[in-house]
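Asker:
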Amino acid sequence: MTADLLLPAGVHTGRPAPWTLMYHSVGDRRAGDPYLVTVTPDRLARQLRWLRRHGLTGVSMRELLTARARGRAARLVGLTFDDGYADFLTEAVPLLREYGHTATVFALPGRLGGSNVWDPEGPRKQLLTADGIRRARSAGMEIGSHGLLHRDLTTLDDHELDAELQESRRLLAEITGSVPAGFCHPYGAVDPRTVAAVRRAGYDYACAVDPGPLACGHALPRAYVGQADNSPRLHAKRLLHRVRRPRLAPLPAGSVPAGGTA
């Protein structure tokens, strides 16, 4: 079993956060989409073509952060898919490969082949199986952890928090043969305690949504992308990111293991 090598997160401290897009499901929306987490394959294709037309390449978070640390990320955009839906493999991966992009999918090894039971109002969507995770990785996609069961980490006690972080990492390593480098905070919910716990669990980086002053290498901000995001809206989101340019703070106190480096 090998670990994915990523340059130390401290390399990114004080630098603007990279532009990273956040997707969830790719599929048919006719059954309803109350949480606005689904884009159709046609819309995703249009968005990926927009990136290519503007000279941008979508890549996994691991590739993006490593390239940034080496000064080679000027035309790269992070592409992430939360929740580990089965349609990532069947719908997103073929389009990503067609248009020359890669992405990170954050999977839930505690719900392999299950469904999105945390969305009570939405239609049931199947999640990736262990075989689906392996096939996505074989297609060139990065596999990250989204925890075991899609739980808000800020509500958990220390034992539950460690299980979500460490057990999910161990299970994904067993499935893929490679220790996952990245984590994604479910619901985007972060606080200093959970950010520190993610770092101590051994992850090289973690994604959030809008972590505000907690933005760092283990709570990276991302831009939501949905069905309504056409070319003008994507252009506006790119400009907004350039204007805001949130900078990554140092890791929270206590987040670096003894003898480790930030």
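Using numbering that gives the first Met the number 0, you'd call the opening residue of the sequence shown number 0 and step up by one each time. In this text, a Cβ means the ideal position worked out from N, Cα and C, and glycines have one as well.
#1: Is the distance from the Cβ of S137 to the Cβ of R168 below 8 Å?
#2: Can you tell me whether S230 is buried or exposed? The criterion is at least 16 other CB atoms within 10 Å of its CB, across all chains shown.
#3: Measuring straight from C-alpha to C-alpha, what distance separates I174 and G146?
#4: To the nearest angstrom, how far is the alpha carbon of A162 from that of G112?
#5: Going by other Cβ atoms of all chains shown within 10 Å of its Cβ, with 16 needed for buried, is A235 buried or exposed?
#6: Where D27 and R48 are concerned, what is the direct C-alpha to C-alpha distance, given to the nearest angstrom?
#7: If we require 3 or more residues per run, which beta strand (DSSP E) segments fall completely within the segment 43 to 72?
#8: In angstroms with no decimal places, state the Cα-to-Cα distance between S59 and W18.
#9: Pick helix, strand or coil for L6, following the three-state DSSP scheme.
#10: For the 8 Å Cβ check, are there 3 or more pairs between the segment 206 to 221 and the segment 186 to 197?
#11: Run the CB neighbour count on H217, radius 10 Å, all protein chains shown included, and call it buried at 16 or more, exposed below.
#12: Looking at the unbroken beta strand (DSSP E) that takes in T89, where does it start and where does it end?
#13: Kindly list the residues whose CB is nearer than 6 Å to the CB of G77, restricted to its own chain and excluding five residues on each side of it in sequence; keep chain order.
#14: Taking H184 as the reference, give the member of A172, R198, L171, S177 with the closest Cα.
#15: Which residues mark the beginning and the end of the beta strand (DSSP E) in which A30 is found?
#16: Sort out for me which residues DSSP pairs E141 with in a bridge.
#17: Output the distance between the C-alpha atoms of Y22 and A72, rounded to the nearest integer angstrom.
#18: For L50, tell me which candidate among Y202, G99, W117 has the shortest Cα-Cα distance.
#19: Can you find the residues in the same chain that come closer than 7 Å, C-beta to C-beta, to E90, ignoring five residues on each side of it along the sequence?
#20: Residues in its own chain within less than 6 Å of Y223 by CB, not counting five upstream and five downstream?
#21: Report the residue ranges of all alpha helix (DSSP H) runs contained in full by the segment 159 to 223; include only those spanning at least 4 residues, in chain order.
#22: Return the chain-ordered list of same chain residues with a C-beta closer than 7 Å to the C-beta of V242, the five sequence neighbours on each side being excluded.
#23: Starting from E238, trace the alpha helix (DSSP H) in both directions and tell me its first and last residue.
#24: Just to confirm the assignment, what range does the beta strand (DSSP E) spanning Y22 have?
#25: Can you say whether R14 is buried or exposed, counting buried as having 16 or more other CB atoms within 10 angstroms of its CB?
#26: Measuring only the C-alpha atoms, how far is A66 from A85?
Answerer: From the atom records:
#1: Between S137 and R168, the C-beta gap is not smaller than 8 Å, which leaves the two residues out of contact.
#2: Around the C-beta of S230, fewer than 16 other C-beta atoms lie within 10 Å, and the residue is accordingly described as exposed.
#3: Cα to Cα, the separation comes out at about 15 Å.
#4: Rounded to whole angstroms, A162 to G112 spans 20 Å at the Cα level.
#5: By the neighbour-count rule (16 or more Cβ atoms within 10 Å), A235 is not buried but exposed.
#6: Approximately 20 Å between the Cα atoms of the pair.
#7: 56 to 58, all fully within the segment 43 to 72.
#8: Cα to Cα, the separation comes out at about 12 Å.
#9: Residue placement at L6 is flagged as unreliable, the pLDDT there being 48, under the threshold of 50; the coordinate-derived value follows with that caveat. It is coil, neither helix nor strand.
#10: Segments in contact, yes.
#11: H217 comes out buried.
#12: Per DSSP, T89 belongs to no beta strand (DSSP E) and is neither H nor E.
#13: Exclusion of the five residues before and after G77 leaves P17, T19, M60, L63 as the residues of its chain whose Cβ lies within less than 6 Å of its Cβ.
#14: Per the C-alpha coordinates, the member of A172, R198, L171, S177 positioned closest to H184 is R198.
#15: No beta strand (DSSP E) holds A30; DSSP gives it neither H nor E.
#16: Beta bridge pairing from DSSP links E141 with T103.
#17: Taking the Cα positions, Y22 is about 21 Å away from A72.
#18: Scanning Y202, G99, W117 for the CA closest to the CA of L50 turns up G99.
#19: Same-chain partners within the cutoff: V25, G26, P40.
#20: Annotation for Y223: M21 place their beta carbon closer than 6 Å to its own, counting only its chain and skipping 5 residues before and after.
#21: The qualifying runs are 167 to 175, 191 to 199.
#22: Listed in chain order, the non-local C-beta contacts of V242 below 7 Å within the same chain number zero, local neighbours out to five positions each way being set aside.
#23: Rather than Glu, the amino acid found at residue 238 in this sequence is Leu. Annotation for L238: the continuous alpha helix (DSSP H) segment containing it runs 230 to 243.
#24: Note, Y22: beta strand (DSSP E), 19 to 22.
#25: Using a 10 angstroms sphere on the CB of R14, the tally of other CB atoms stays under 16, which defines it as exposed.
#26: One C-alpha to the other measures close to 29 Å.
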